[in-house]
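This report refers to the structure that appears directly beneath it.
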Amino acid sequence: MQARIKNLQTILQDAWAPLVALGKSLATSPIPEKTRELVHIRTAQINGCAVCLDGHIVKSKETPQRLGAVAVWREAPFFSDPERAALGLAEAITRLADQTERVPDTIWDEAKRHYDEPALAWLVFEVAVANLYNRLNVATRQVAGTQRW
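Residue numbers for the sequence shown follow the working numbering, so the first one is 121 and each next one is one higher.
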């Protein structure tokens, strides 16, 4: 596989700067870092973003067992209830077009059991940003293993 164009970060440096600032802001959220990583990994899996998946797995502090089970988190016993709620919400937000009820109340309500309103806002923001990066990288066919963050 070959990238269609160079990484957008190198082409659009001025436009990329706010995304870097956004990433720094997300790092201050009350959502645990491991949960945020799981959300990014699951979102990249759904969107088929190999470069994002590679980058998040390489820098992850997760165990190989949990990393390997993210795609099957519902069936794997390795995730806490709050992590499951975050993964469910991430899937629902990422798969908007696949559902008649865009983000089902049952999924939202489960997330609400584990996260207060500010944390939910951060979580929604985190998923949206993950989807943004996935779309940029998938559209331009960025190649896994060629970039390190």
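Glycine included, each C-beta is placed from N, C-alpha and C at the ideal position.
Nearest neighbour of A210 by Cα position, chosen from S145, A137, A248 and L132, turns out to be A248. Non-local C-beta neighbours of R124 in its own chain, meaning closer than 7 Å and more than five positions away in sequence, comprise T260 and R261, ordered along the chain. Take G168, set aside five residues on each side of it, and the residues of its chain with a beta-carbon closer than 7 Å to its own are V258, in chain order. Taken through DSSP and simplified to helix, strand or coil, T130 comes out as helix. In the three-state scheme derived from DSSP, where H, G and I count as helix and E and B as strand, W193 is classed as coil. Counting along the chain, the unbroken alpha helix (DSSP H) around R156 starts and ends at E153 to N167.
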